[in-house]
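Q:
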Amino acid sequence: MAVVKLSKSSTKFLYKVMAELDLSQNERPLALKLAFAKGIAADELPIFSEEKAKETKDFEFNTLVIGRDLERTLIKHLIINKIQKTIDHENELDHYILTFIEHGLKIMVNEIESLTSMDNYLLHLFEKHSV
-17 MAVVKLSKSS
-7 TKFLYKVMAE
3 LDLSQNERPL
13 ALKLAFAKGI
23 AADELPIFSE
33 EKAKETKDFE
43 FNTLVIGRDL
53 ERTLIKHLII
63 NKIQKTIDHE
73 NELDHYILTF
83 IEHGLKIMVN
93 EIESLTSMDN
103 YLLHLFEKHS
113 V
């Protein structure tokens, strides 16, 4: 339950995603939740590197915007299932939440950039992830 900071590049990605989805500043937590979901659902794992951790940071937020109480427990177990490793400390959980958010933002921006000018990203997400 810590305050974490997005890298400068991920902050730019966040604002690009928010603009594409027409989200206001008050809806930024929704964009972060979508990015986390996108990152955790991705087939490939994000790169966990010390270099990435040292990158200049820009925007900070509390990881509780992703989930509280039971949601946080669910998030922890989703991450454990994904990385196949136990998480012993809250700081470690916060690090993984941040990593999956940044990974999800990168994926989302790549998808946005692959759309034609006539495509809508919200419809793309719906079509791609509908059951």
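The opening residue of the sequence shown carries number -17 in our numbering; numbering runs sequentially from there.
C-beta atoms are modelled at their ideal positions from N, C-alpha and C, and glycine is treated no differently.
For SER(-11), report the span of its alpha helix (DSSP H) as first-last.
A: Here SER(-11) belongs to no alpha helix (DSSP H); instead the beta strand (DSSP E) covers -15 to -11.
Q: Of all the options LEU104, ALA13, PHE108, HIS111, which has the alpha carbon lying nearest to the alpha carbon of PHE82?
A: ALA13
Q: Note the first and the last residue of the continuous alpha helix (DSSP H) segment covering ASP142.
A: Outside the displayed range of the chain (-17 to 113) lies residue 142, so it cannot be described from this structure.
Q: Which residue from LEU(-12), HIS111, ASN92 puts its Cα closest to that of LYS39?
A: LEU(-12)
Q: In angstroms with no decimal places, state the Cα-to-Cα distance between THR68 and ILE62.
A: 6 Å
Q: Would you report the Cα separation of LYS27 and ILE65, rounded to the nearest angstrom?
A: Per the sequence presented here, residue 27 reads as Leu, with Lys not at that position. Their backbone Cα atoms lie some 8 Å apart in a straight line.
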